[in-house]
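Last residue of the sequence shown? That's 537 in the working numbering, and every number before it is there in order. Glycine residues also receive a C-beta, built at the ideal position from the N, C-alpha and C atoms. Quantities reported herein were computed from a predicted structural model and do not represent experimental measurements.
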Amino acid sequence: MVSLAVIALSWLTLLIAINKYIYQIPTILFYALLLLGISARRLYYWQIHPFYFSKLRNLPQPSANPHWLWGHFAHSSEDGRHTLDWCEEHENADIIRALGMLNTERIIPASPRAVLEILQTQSYTFIKPPFIARSLNGVLGNGILFSEGDVHKHQRKLLMPAFAYSHVKSLAPVFLDESARLVKVLGQKVADSKTSSGGTPEIEVAKMLSSLTLDIIYRAGLGIQFNALETPENELAMAYDRAFNPKGNSSKIFFLLQSLIPGFRFIPIERNLTLWRARQTINKFASDAISAKMTKYEDARAEKTARAEEDVDILSVMIEEGNGEWTVQGMMDQLLTFLVAGHETTASAATLALYHLSLHQDIQDKLREELHTQFPGGYDSIKTYDDIESLKYLNNVVREVLRFQPPVVGTIRMAKEDTYVTDQFIPKGTLVTVSIAALNKSRKLWGDDAREFNPDRWNGRQAQNTMAFLTFLQGPRSCIGRRFAEVEFKSILLSLIGNFKFNLKEGRTVEFRTSLTYKPRGGLPLEITCLAGW
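Structure representation (C-alpha coordinates):
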(Lines of atoms letter the chains of each structure in order from A; the text may use other names.)
(Lines give C-alpha, C1' and ligand atoms only; values in the text may rest on other atoms or scores of the structure.)
Protein backbone atom coordinates (compact mmCIF):
# COMPACT_ATOMS: atom_id res chain seq x y z
CA MET A 4 0.00 0.00 0.00
CA VAL A 5 2.86 2.34 0.88
CA SER A 6 4.71 1.36 -2.29
CA LEU A 7 1.57 2.05 -4.30
CA ALA A 8 1.26 5.53 -2.80
CA VAL A 9 4.94 6.26 -3.38
CA ILE A 10 4.73 5.18 -7.01
CA ALA A 11 1.60 7.26 -7.64
CA LEU A 12 3.20 10.31 -6.04
CA SER A 13 6.38 9.76 -8.05
CA TRP A 14 4.47 9.61 -11.34
CA LEU A 15 2.57 12.79 -10.43
CA THR A 16 5.84 14.55 -9.62
CA LEU A 17 7.28 13.37 -12.93
CA LEU A 18 4.35 14.72 -14.94
CA ILE A 19 4.67 18.12 -13.23
CA ALA A 20 8.39 18.14 -13.97
CA ILE A 21 7.82 17.35 -17.65
CA ASN A 22 5.34 20.18 -17.94
CA LYS A 23 7.58 22.72 -16.22
CA TYR A 24 11.02 21.69 -17.35
CA ILE A 25 10.52 20.51 -20.92
CA TYR A 26 14.08 21.50 -21.78
CA GLN A 27 15.51 18.92 -19.34
CA ILE A 28 14.24 15.95 -21.35
CA PRO A 29 17.37 13.73 -20.94
CA THR A 30 17.30 13.95 -17.13
CA ILE A 31 13.55 13.50 -17.00
CA LEU A 32 13.79 10.54 -19.35
CA PHE A 33 16.34 8.88 -17.05
CA TYR A 34 14.08 9.23 -14.01
CA ALA A 35 11.07 8.13 -16.04
CA LEU A 36 12.82 4.91 -17.01
CA LEU A 37 13.94 4.36 -13.41
CA LEU A 38 10.41 4.90 -12.15
CA LEU A 39 9.03 2.66 -14.88
CA GLY A 40 11.39 -0.10 -13.74
CA ILE A 41 10.32 0.26 -10.11
CA SER A 42 6.65 0.27 -11.11
CA ALA A 43 7.13 -2.79 -13.27
CA ARG A 44 8.85 -4.63 -10.44
CA ARG A 45 6.04 -3.86 -8.02
CA LEU A 46 3.44 -4.83 -10.61
CA TYR A 47 5.25 -8.11 -11.10
CA TYR A 48 5.08 -8.95 -7.37
CA TRP A 49 1.48 -7.77 -7.07
CA GLN A 50 -0.08 -9.34 -10.15
CA ILE A 51 2.26 -11.86 -11.77
CA HIS A 52 4.56 -13.61 -9.30
CA PRO A 53 1.87 -14.85 -6.86
CA PHE A 54 -0.17 -16.45 -9.66
CA TYR A 55 2.43 -17.75 -12.12
CA PHE A 56 5.89 -18.10 -10.53
CA SER A 57 5.55 -18.44 -6.75
CA LYS A 58 6.73 -21.73 -5.32
CA LEU A 59 3.70 -21.61 -3.01
CA ARG A 60 1.10 -21.11 -5.75
CA ASN A 61 0.03 -24.77 -5.88
CA LEU A 62 -0.82 -24.98 -2.18
CA PRO A 63 -4.53 -25.23 -1.33
CA GLN A 64 -6.14 -21.88 -0.68
CA PRO A 65 -9.56 -20.48 0.37
CA SER A 66 -12.30 -20.92 -2.21
CA ALA A 67 -13.49 -17.31 -1.77
CA ASN A 68 -12.17 -14.97 -4.44
CA PRO A 69 -9.49 -12.63 -3.09
CA HIS A 70 -10.24 -8.90 -2.90
CA TRP A 71 -8.05 -6.78 -5.21
CA LEU A 72 -6.57 -4.90 -2.23
CA TRP A 73 -7.10 -6.99 0.93
CA GLY A 74 -6.84 -10.45 -0.65
CA HIS A 75 -8.58 -13.29 1.17
CA PHE A 76 -8.47 -11.34 4.43
CA ALA A 77 -11.26 -9.11 3.15
CA HIS A 78 -13.42 -12.04 4.28
CA SER A 79 -11.82 -12.25 7.74
CA SER A 80 -13.72 -12.21 11.04
CA GLU A 81 -12.83 -10.62 14.38
CA ASP A 82 -12.57 -13.95 16.21
CA GLY A 83 -10.38 -15.75 13.67
CA ARG A 84 -13.24 -18.02 12.54
CA HIS A 85 -12.39 -17.45 8.87
CA THR A 86 -9.12 -19.35 9.13
CA LEU A 87 -10.92 -22.22 10.82
CA ASP A 88 -13.34 -22.35 7.87
CA TRP A 89 -10.44 -22.28 5.41
CA CYS A 90 -8.71 -25.14 7.22
CA GLU A 91 -11.90 -27.21 7.23
CA GLU A 92 -12.26 -26.63 3.47
CA HIS A 93 -8.94 -28.48 3.15
CA GLU A 94 -9.08 -30.82 6.13
CA ASN A 95 -6.18 -32.98 4.96
CA ALA A 96 -3.80 -30.12 4.17
CA ASP A 97 -0.79 -29.33 6.35
CA ILE A 98 -0.40 -25.81 4.95
CA ILE A 99 -2.80 -23.41 3.26
CA ARG A 100 -1.84 -20.39 1.20
CA ALA A 101 -3.85 -17.19 1.52
CA LEU A 102 -3.33 -13.86 -0.21
CA GLY A 103 -3.08 -10.77 1.97
CA MET A 104 -2.95 -7.10 1.07
CA LEU A 105 -1.85 -6.49 -2.54
CA ASN A 106 -1.58 -10.25 -3.05
CA THR A 107 1.17 -10.69 -0.48
CA GLU A 108 1.40 -14.42 0.15
CA ARG A 109 0.84 -15.91 3.58
CA ILE A 110 0.86 -19.49 4.71
CA ILE A 111 -1.43 -20.85 7.42
CA PRO A 112 -0.34 -24.03 9.24
CA ALA A 113 -3.46 -26.21 9.27
CA SER A 114 -2.22 -29.37 10.99
CA PRO A 115 -0.51 -30.09 14.32
CA ARG A 116 2.54 -31.29 12.39
CA ALA A 117 2.95 -27.96 10.58
CA VAL A 118 2.37 -25.94 13.76
CA LEU A 119 4.90 -28.10 15.62
CA GLU A 120 7.59 -27.35 13.04
CA ILE A 121 6.90 -23.61 13.01
CA LEU A 122 6.48 -23.01 16.75
CA GLN A 123 8.83 -25.63 18.15
CA THR A 124 11.42 -27.30 15.97
CA GLN A 125 12.05 -24.16 13.89
CA SER A 126 10.91 -21.52 16.37
CA TYR A 127 13.98 -19.36 15.79
CA THR A 128 13.75 -19.66 12.02
CA PHE A 129 10.25 -18.22 12.05
CA ILE A 130 10.68 -14.83 13.70
CA LYS A 131 8.35 -11.97 14.61
CA PRO A 132 8.10 -9.78 11.47
CA PRO A 133 9.75 -6.36 11.84
CA PHE A 134 6.46 -4.59 11.06
CA ILE A 135 4.83 -6.26 14.08
CA ALA A 136 7.60 -5.01 16.34
CA ARG A 137 7.23 -1.52 14.84
CA SER A 138 3.51 -1.46 15.55
CA LEU A 139 3.52 -2.96 19.06
CA ASN A 140 6.80 -2.37 20.86
CA GLY A 141 5.92 1.28 21.35
CA VAL A 142 3.26 0.02 23.78
CA LEU A 143 4.52 -3.40 24.86
CA GLY A 144 8.18 -2.52 25.30
CA ASN A 145 11.26 -4.27 23.89
CA GLY A 146 11.09 -7.25 26.20
CA ILE A 147 11.00 -11.00 25.71
CA LEU A 148 8.02 -10.76 23.37
CA PHE A 149 10.15 -9.26 20.58
CA SER A 150 13.63 -10.66 21.25
CA GLU A 151 14.97 -13.38 18.95
CA GLY A 152 17.50 -16.21 18.89
CA ASP A 153 20.17 -16.33 21.59
CA VAL A 154 18.95 -13.07 23.14
CA HIS A 155 15.51 -14.60 23.64
CA LYS A 156 16.97 -17.80 25.09
CA HIS A 157 19.08 -15.82 27.58
CA GLN A 158 16.19 -13.56 28.63
CA ARG A 159 13.87 -16.53 29.12
CA LYS A 160 16.47 -18.27 31.27
CA LEU A 161 16.84 -15.19 33.48
CA LEU A 162 13.07 -14.78 33.80
CA MET A 163 12.23 -18.42 34.60
CA PRO A 164 12.66 -18.09 38.41
CA ALA A 165 10.03 -15.31 38.49
CA PHE A 166 7.49 -17.59 36.77
CA ALA A 167 8.51 -20.90 38.30
CA TYR A 168 5.88 -23.17 39.86
CA SER A 169 7.07 -22.46 43.40
CA HIS A 170 6.91 -18.70 42.90
CA VAL A 171 3.44 -18.76 41.31
CA LYS A 172 2.23 -20.77 44.32
CA SER A 173 3.44 -17.98 46.60
CA LEU A 174 1.46 -15.43 44.55
CA ALA A 175 -1.90 -17.21 44.93
CA PRO A 176 -2.82 -15.28 48.13
CA VAL A 177 -2.17 -12.03 46.25
CA PHE A 178 -4.59 -13.07 43.49
CA LEU A 179 -7.24 -14.10 46.03
CA ASP A 180 -6.82 -10.95 48.11
CA GLU A 181 -7.15 -8.62 45.11
CA SER A 182 -10.16 -10.58 43.80
CA ALA A 183 -11.83 -10.14 47.21
CA ARG A 184 -11.59 -6.38 46.68
CA LEU A 185 -13.50 -6.77 43.41
CA VAL A 186 -16.25 -8.67 45.25
CA LYS A 187 -16.55 -5.79 47.71
CA VAL A 188 -16.58 -3.05 45.03
CA LEU A 189 -18.99 -4.92 42.75
CA GLY A 190 -21.27 -5.80 45.65
CA GLN A 191 -21.52 -2.12 46.56
CA LYS A 192 -22.31 -1.20 42.95
CA VAL A 193 -25.08 -3.80 42.81
CA ALA A 194 -26.55 -2.54 46.09
CA ASP A 195 -26.44 1.09 44.97
CA SER A 196 -27.97 0.31 41.56
CA LYS A 197 -30.74 -1.80 43.08
CA THR A 198 -31.62 0.94 45.54
CA SER A 199 -32.02 3.54 42.81
CA SER A 200 -33.69 1.48 40.08
CA GLY A 201 -35.27 -1.58 41.67
CA GLY A 202 -35.13 -5.03 40.09
CA THR A 203 -31.94 -6.68 38.87
CA PRO A 204 -29.32 -4.03 38.08
CA GLU A 205 -27.31 -4.12 34.87
CA ILE A 206 -23.64 -3.25 35.39
CA GLU A 207 -20.75 -2.95 32.93
CA VAL A 208 -18.06 -5.43 34.06
CA ALA A 209 -15.30 -5.27 31.44
CA LYS A 210 -13.74 -2.06 32.73
CA MET A 211 -13.89 -3.28 36.33
CA LEU A 212 -12.08 -6.47 35.33
CA SER A 213 -9.45 -4.39 33.54
CA SER A 214 -8.95 -2.31 36.71
CA LEU A 215 -8.69 -5.49 38.80
CA THR A 216 -6.07 -7.13 36.59
CA LEU A 217 -4.14 -3.85 36.57
CA ASP A 218 -4.14 -3.93 40.37
CA ILE A 219 -3.05 -7.57 40.36
CA ILE A 220 -0.20 -7.14 37.88
CA TYR A 221 1.16 -4.12 39.74
CA ARG A 222 1.05 -5.87 43.10
CA ALA A 223 2.32 -9.22 41.80
CA GLY A 224 4.72 -7.63 39.32
CA LEU A 225 6.11 -4.65 41.23
CA GLY A 226 4.94 -5.12 44.81
CA ILE A 227 2.79 -1.97 44.63
CA GLN A 228 -0.77 -1.58 45.89
CA PHE A 229 -2.33 0.34 43.02
CA ASN A 230 -6.08 0.57 43.80
CA ALA A 231 -7.36 1.16 40.26
CA LEU A 232 -10.59 -0.59 41.28
CA GLU A 233 -11.47 2.12 43.77
CA THR A 234 -9.98 5.02 41.80
CA PRO A 235 -10.27 4.17 38.07
CA GLU A 236 -9.85 7.86 37.21
CA ASN A 237 -6.23 7.96 38.49
CA GLU A 238 -3.60 9.03 35.98
CA LEU A 239 -1.99 5.64 35.38
CA ALA A 240 -5.28 3.74 35.01
CA MET A 241 -6.47 6.35 32.53
CA ALA A 242 -3.20 6.02 30.60
CA TYR A 243 -3.86 2.27 30.13
CA ASP A 244 -7.44 2.98 29.12
CA ARG A 245 -6.35 5.50 26.47
CA ALA A 246 -3.71 3.12 25.13
CA PHE A 247 -5.90 0.02 24.81
CA ASN A 248 -9.40 1.35 24.31
CA PRO A 249 -9.12 3.82 21.44
CA LYS A 250 -12.27 5.70 20.54
CA GLY A 251 -13.94 5.02 17.20
CA ASN A 252 -13.25 2.25 14.69
CA SER A 253 -9.86 3.34 13.39
CA SER A 254 -7.65 0.97 15.40
CA LYS A 255 -7.15 -1.50 12.53
CA ILE A 256 -6.21 1.24 10.07
CA PHE A 257 -3.85 2.74 12.64
CA PHE A 258 -2.22 -0.66 13.24
CA LEU A 259 -1.87 -1.16 9.47
CA LEU A 260 -0.19 2.21 8.99
CA GLN A 261 2.17 1.58 11.90
CA SER A 262 3.03 -1.82 10.47
CA LEU A 263 3.71 -0.62 6.93
CA ILE A 264 5.37 2.76 7.41
CA PRO A 265 8.67 2.87 9.32
CA GLY A 266 8.62 5.78 11.73
CA PHE A 267 4.86 6.27 11.45
CA ARG A 268 4.47 6.24 15.24
CA PHE A 269 6.64 9.37 15.42
CA ILE A 270 4.24 11.42 13.25
CA PRO A 271 2.47 13.85 15.63
CA ILE A 272 -1.11 12.84 14.87
CA GLU A 273 -3.65 12.57 17.70
CA ARG A 274 -3.52 8.78 18.18
CA ASN A 275 0.30 8.76 18.22
CA LEU A 276 0.39 11.62 20.73
CA THR A 277 -2.13 9.80 22.93
CA LEU A 278 -0.02 6.63 22.88
CA TRP A 279 3.16 8.60 23.52
CA ARG A 280 1.67 10.34 26.57
CA ALA A 281 0.29 7.06 27.89
CA ARG A 282 3.65 5.34 27.42
CA GLN A 283 5.44 8.19 29.22
CA THR A 284 3.09 7.86 32.19
CA ILE A 285 3.49 4.07 32.34
CA ASN A 286 7.27 4.29 31.88
CA LYS A 287 7.71 6.79 34.69
CA PHE A 288 5.66 4.72 37.09
CA ALA A 289 7.61 1.53 36.26
CA SER A 290 10.96 3.36 36.38
CA ASP A 291 10.23 4.82 39.81
CA ALA A 292 9.19 1.37 41.07
CA ILE A 293 12.42 -0.20 39.79
CA SER A 294 14.57 2.53 41.34
CA ALA A 295 12.84 2.15 44.70
CA LYS A 296 13.12 -1.64 44.63
CA MET A 297 16.80 -1.60 43.63
CA THR A 298 17.58 0.90 46.42
CA LYS A 299 15.83 -1.39 48.88
CA TYR A 300 17.86 -4.39 47.72
CA GLU A 301 21.14 -2.50 47.78
CA ASP A 302 20.40 -1.52 51.38
CA ALA A 303 19.48 -5.12 52.19
CA ARG A 304 22.75 -6.40 50.70
CA ALA A 305 24.71 -3.82 52.64
CA GLU A 306 23.00 -4.94 55.84
CA LYS A 307 23.28 -8.61 54.75
CA THR A 308 19.57 -9.23 55.19
CA ALA A 309 17.45 -11.63 53.13
CA ARG A 310 14.50 -10.77 50.91
CA ALA A 311 11.41 -10.23 53.05
CA GLU A 312 8.65 -12.85 52.88
CA GLU A 313 6.20 -10.31 51.48
CA ASP A 314 8.51 -9.48 48.56
CA VAL A 315 7.09 -12.16 46.23
CA ASP A 316 6.58 -9.83 43.27
CA ILE A 317 8.21 -10.52 39.91
CA LEU A 318 10.57 -7.55 40.14
CA SER A 319 11.96 -8.69 43.51
CA VAL A 320 12.66 -12.16 42.15
CA MET A 321 14.24 -10.72 38.97
CA ILE A 322 16.66 -8.61 41.02
CA GLU A 323 17.50 -11.35 43.51
CA GLU A 324 17.81 -14.23 41.04
CA GLY A 325 19.32 -12.26 38.15
CA ASN A 326 22.90 -12.43 39.46
CA GLY A 327 23.42 -8.79 38.52
CA GLU A 328 22.76 -9.45 34.81
CA TRP A 329 19.73 -7.18 34.55
CA THR A 330 20.26 -3.56 33.61
CA VAL A 331 17.66 -0.98 34.63
CA GLN A 332 16.59 -0.64 30.98
CA GLY A 333 16.45 -4.42 30.63
CA MET A 334 14.12 -4.70 33.60
CA MET A 335 12.05 -1.81 32.25
CA ASP A 336 11.56 -3.56 28.91
CA GLN A 337 10.50 -6.84 30.53
CA LEU A 338 8.18 -5.22 33.06
CA LEU A 339 6.45 -3.12 30.43
CA THR A 340 5.67 -6.31 28.53
CA PHE A 341 4.29 -8.02 31.65
CA LEU A 342 2.38 -4.99 32.89
CA VAL A 343 0.65 -4.45 29.56
CA ALA A 344 0.27 -7.94 28.11
CA GLY A 345 -0.41 -9.60 31.47
CA HIS A 346 -3.13 -7.21 32.53
CA GLU A 347 -4.89 -6.89 29.16
CA THR A 348 -5.04 -10.60 28.26
CA THR A 349 -6.35 -11.77 31.65
CA ALA A 350 -8.96 -8.99 31.75
CA SER A 351 -10.21 -10.11 28.32
CA ALA A 352 -10.24 -13.76 29.38
CA ALA A 353 -12.27 -12.99 32.52
CA THR A 354 -14.69 -10.83 30.51
CA LEU A 355 -15.18 -13.62 27.96
CA ALA A 356 -15.73 -16.10 30.78
CA LEU A 357 -18.56 -14.03 32.27
CA TYR A 358 -20.09 -13.60 28.83
CA HIS A 359 -20.17 -17.35 28.10
CA LEU A 360 -21.30 -18.27 31.60
CA SER A 361 -24.13 -15.74 31.24
CA LEU A 362 -25.23 -17.59 28.11
CA HIS A 363 -24.92 -20.99 29.83
CA GLN A 364 -26.66 -20.69 33.18
CA ASP A 365 -26.43 -24.47 33.73
CA ILE A 366 -22.63 -24.32 33.56
CA GLN A 367 -22.57 -21.27 35.83
CA ASP A 368 -24.78 -23.10 38.37
CA LYS A 369 -22.63 -26.24 38.26
CA LEU A 370 -19.48 -24.21 38.87
CA ARG A 371 -21.12 -22.36 41.77
CA GLU A 372 -22.28 -25.66 43.27
CA GLU A 373 -18.70 -26.96 43.26
CA LEU A 374 -17.47 -23.81 45.01
CA HIS A 375 -20.20 -23.84 47.67
CA THR A 376 -19.95 -27.59 48.28
CA GLN A 377 -16.18 -27.80 48.49
CA PHE A 378 -15.75 -24.59 50.50
CA PRO A 379 -18.94 -24.14 52.55
CA GLY A 380 -17.07 -21.70 54.77
CA GLY A 381 -17.17 -19.16 51.96
CA TYR A 382 -14.64 -17.34 49.82
CA ASP A 383 -12.41 -16.50 52.81
CA SER A 384 -11.78 -20.20 53.38
CA ILE A 385 -9.95 -20.46 50.04
CA LYS A 386 -6.43 -19.37 50.94
CA THR A 387 -3.78 -21.24 48.98
CA TYR A 388 -2.72 -22.39 45.54
CA ASP A 389 -3.68 -25.97 46.47
CA ASP A 390 -7.17 -24.81 47.43
CA ILE A 391 -7.62 -23.21 44.01
CA GLU A 392 -6.27 -26.24 42.15
CA SER A 393 -8.57 -28.60 44.05
CA LEU A 394 -11.56 -27.14 42.14
CA LYS A 395 -11.71 -29.49 39.15
CA TYR A 396 -14.75 -28.04 37.41
CA LEU A 397 -13.32 -24.52 37.77
CA ASN A 398 -10.23 -25.81 35.98
CA ASN A 399 -12.45 -27.24 33.22
CA VAL A 400 -14.33 -23.95 32.77
CA VAL A 401 -11.15 -21.88 32.62
CA ARG A 402 -9.57 -24.17 30.05
CA GLU A 403 -12.72 -24.24 27.95
CA VAL A 404 -13.00 -20.44 27.92
CA LEU A 405 -9.37 -20.19 26.81
CA ARG A 406 -9.89 -22.87 24.16
CA PHE A 407 -13.23 -21.68 22.86
CA GLN A 408 -12.35 -18.00 22.56
CA PRO A 409 -8.72 -17.17 23.32
CA PRO A 410 -8.01 -13.52 24.22
CA VAL A 411 -5.39 -13.37 21.45
CA VAL A 412 -6.80 -14.92 18.27
CA GLY A 413 -3.55 -15.45 16.38
CA THR A 414 0.08 -14.53 15.85
CA ILE A 415 2.30 -13.81 12.87
CA ARG A 416 5.74 -15.15 12.00
CA MET A 417 8.13 -14.66 9.09
CA ALA A 418 10.68 -17.05 7.62
CA LYS A 419 14.09 -15.43 8.12
CA GLU A 420 15.66 -17.84 5.61
CA ASP A 421 14.67 -20.46 3.05
CA THR A 422 13.36 -23.54 4.82
CA TYR A 423 10.92 -26.46 4.61
CA VAL A 424 7.75 -27.15 6.59
CA THR A 425 6.15 -30.59 6.22
CA ASP A 426 8.38 -31.06 3.14
CA GLN A 427 6.98 -27.90 1.53
CA PHE A 428 9.59 -25.32 0.50
CA ILE A 429 9.04 -21.96 2.26
CA PRO A 430 10.98 -19.02 0.76
CA LYS A 431 12.73 -16.47 2.93
CA GLY A 432 10.42 -13.59 3.88
CA THR A 433 7.21 -15.64 3.70
CA LEU A 434 4.65 -14.51 6.28
CA VAL A 435 3.00 -17.15 8.46
CA THR A 436 -0.38 -16.62 10.14
CA VAL A 437 -0.71 -18.99 13.09
CA SER A 438 -4.43 -19.06 13.83
CA ILE A 439 -5.10 -20.10 17.40
CA ALA A 440 -8.81 -20.52 16.59
CA ALA A 441 -8.13 -22.93 13.73
CA LEU A 442 -6.47 -25.53 15.98
CA ASN A 443 -8.41 -24.74 19.17
CA LYS A 444 -11.72 -25.45 17.40
CA SER A 445 -10.66 -28.08 14.91
CA ARG A 446 -13.31 -30.81 14.62
CA LYS A 447 -10.58 -33.16 13.49
CA LEU A 448 -8.76 -32.68 16.81
CA TRP A 449 -11.62 -31.99 19.23
CA GLY A 450 -14.56 -33.91 17.76
CA ASP A 451 -17.87 -32.85 16.26
CA ASP A 452 -18.68 -30.52 19.17
CA ALA A 453 -15.46 -28.51 18.73
CA ARG A 454 -17.43 -25.31 18.08
CA GLU A 455 -19.56 -25.75 21.20
CA PHE A 456 -18.78 -24.40 24.66
CA ASN A 457 -18.48 -27.54 26.76
CA PRO A 458 -16.26 -27.62 29.89
CA ASP A 459 -16.96 -31.34 30.38
CA ARG A 460 -14.70 -32.13 27.44
CA TRP A 461 -11.77 -31.61 29.82
CA ASN A 462 -12.80 -34.55 32.02
CA GLY A 463 -10.79 -36.81 29.77
CA ARG A 464 -12.36 -36.69 26.31
CA GLN A 465 -10.01 -34.08 24.96
CA ALA A 466 -7.49 -33.66 22.16
CA GLN A 467 -4.32 -35.59 22.82
CA ASN A 468 -2.07 -33.49 20.59
CA THR A 469 -0.50 -30.56 22.46
CA MET A 470 -0.77 -28.42 19.33
CA ALA A 471 -4.57 -28.63 19.56
CA PHE A 472 -4.51 -26.03 22.38
CA LEU A 473 -2.59 -22.97 21.25
CA THR A 474 -3.92 -20.25 23.55
CA PHE A 475 -0.50 -19.88 25.19
CA LEU A 476 1.30 -21.06 22.03
CA GLN A 477 3.78 -23.94 22.30
CA GLY A 478 7.52 -24.44 22.08
CA PRO A 479 10.44 -22.20 23.12
CA ARG A 480 8.35 -19.04 22.55
CA SER A 481 5.29 -20.19 24.45
CA CYS A 482 3.90 -17.79 27.06
CA ILE A 483 6.30 -17.73 30.00
CA GLY A 484 3.51 -16.45 32.25
CA ARG A 485 1.04 -19.24 31.50
CA ARG A 486 0.81 -20.68 35.03
CA PHE A 487 0.67 -17.16 36.50
CA ALA A 488 -2.22 -16.23 34.18
CA GLU A 489 -4.17 -19.44 34.80
CA VAL A 490 -4.05 -19.16 38.60
CA GLU A 491 -4.93 -15.47 38.43
CA PHE A 492 -7.86 -16.22 36.10
CA LYS A 493 -9.17 -18.97 38.39
CA SER A 494 -8.94 -16.70 41.44
CA ILE A 495 -10.97 -13.99 39.74
CA LEU A 496 -13.60 -16.37 38.39
CA LEU A 497 -14.20 -18.29 41.62
CA SER A 498 -14.57 -15.03 43.57
CA LEU A 499 -17.19 -13.73 41.15
CA ILE A 500 -19.24 -16.87 40.51
CA GLY A 501 -19.24 -17.77 44.20
CA ASN A 502 -20.70 -14.40 45.19
CA PHE A 503 -22.83 -13.28 42.22
CA LYS A 504 -25.13 -14.56 39.53
CA PHE A 505 -24.54 -13.12 36.05
CA ASN A 506 -27.05 -12.95 33.23
CA LEU A 507 -27.12 -11.32 29.79
CA LYS A 508 -30.26 -9.20 29.54
CA GLU A 509 -32.85 -10.63 27.16
CA GLY A 510 -32.58 -9.03 23.75
CA ARG A 511 -29.13 -7.52 24.36
CA THR A 512 -26.50 -8.28 21.73
CA VAL A 513 -22.78 -7.98 22.35
CA GLU A 514 -20.42 -7.01 19.54
CA PHE A 515 -16.79 -8.05 19.84
CA ARG A 516 -13.67 -6.52 18.32
CA THR A 517 -9.99 -7.39 18.15
CA SER A 518 -7.35 -4.82 19.02
CA LEU A 519 -4.52 -6.16 21.17
CA THR A 520 -7.02 -8.71 22.50
CA TYR A 521 -10.52 -9.94 21.67
CA LYS A 522 -13.13 -8.18 23.80
CA PRO A 523 -16.61 -6.61 23.74
CA ARG A 524 -16.88 -3.33 21.89
CA GLY A 525 -17.99 -0.71 24.41
CA GLY A 526 -17.89 -3.08 27.39
CA LEU A 527 -20.06 -5.91 28.72
CA PRO A 528 -23.22 -4.93 30.66
CA LEU A 529 -24.62 -7.87 32.66
CA GLU A 530 -27.51 -8.30 35.05
CA ILE A 531 -25.98 -9.10 38.43
CA THR A 532 -27.57 -10.60 41.53
CA CYS A 533 -25.76 -10.81 44.89
CA LEU A 534 -25.80 -14.25 46.50
CA ALA A 535 -26.03 -14.34 50.27
CA GLY A 536 -24.32 -16.86 52.48
CA TRP A 537 -20.97 -17.44 50.79
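Distance from the Cα of Ser-494 is smallest, within the candidate group His-70, Ile-385, Asn-468, Gly-40, for Ile-385. By the Cβ neighbour-count rule, Phe-378 is buried, with 16 or more other Cβ atoms within 10 Å of its own.
Taking C-beta separations shorter than 7 angstroms and ignoring five residues to either side along the sequence, the partners of Val-331 in its chain run Ile-293, following chain order. Beta-bridge analysis with DSSP links Val-435 to Ile-110, Arg-416. Pairing Ala-289 with Leu-338 gives a Cβ-Cβ distance under 7 angstroms. Judged by DSSP secondary structure, Val-513 falls outside any beta strand (DSSP E); it is assigned neither H nor E. With a cutoff of 7 angstroms on beta-carbon distance, Ala-231 and Val-177 are scored as not near each other. With distances taken between CA atoms, Lys-156 lies nearest to Gly-478 out of Ile-500, Leu-174, Gly-478. For Ala-440 against Val-412, the beta-carbon gap comes to about 6 angstroms, under 8 angstroms, which counts as contact. Sequence-distant partners of Ile-500 (beyond 5 residues in either direction) whose C-beta falls short of 6 angstroms from its own C-beta, in its chain, are Leu-370, Arg-371. Taken in chain order, the complete alpha helix (DSSP H) segments of 4 residues or longer contained in the region 201–228 are 209–225. Under the 8 angstroms Cβ criterion, the region 78–97 does not count as touching the region 38–52, having fewer than three qualifying pairs.
At the C-beta level, Gly-146 and Thr-340 come within 7 angstroms of one another. Closest option to Leu-185, judged by alpha-carbon separation, among Asp-389, Glu-92, Ala-353: Ala-353. The region 165–179 makes contact with the region 481–495; the number of CB pairs closer than 8 angstroms reaches 3 or more. For a cut-off of 8 angstroms, the C-beta gap from Ile-121 to Leu-62 is around 15 angstroms, too long to register as a contact. Beta-bridge pairing by DSSP links Glu-373 to no other residue. Of the residues assessed, Ala-96 falls on the buried side of the cut-off, its CB having 16 or more other CB atoms within 10 angstroms. For the pair His-75 and Leu-105, the CB atoms are not nearer than the 7 angstroms cut-off. Leu-357 sits close to Val-208, with the two beta carbons spaced by under 7 angstroms.
Cα atoms of Gly-381 and Ser-214: separation of roughly 24 angstroms, rounded to the nearest angstrom. In the three-state reduction of the DSSP assignment, Asn-399 falls in the helix class, which pools H, G and I. In the structure shown, the three-state DSSP call for Val-343 is helix.
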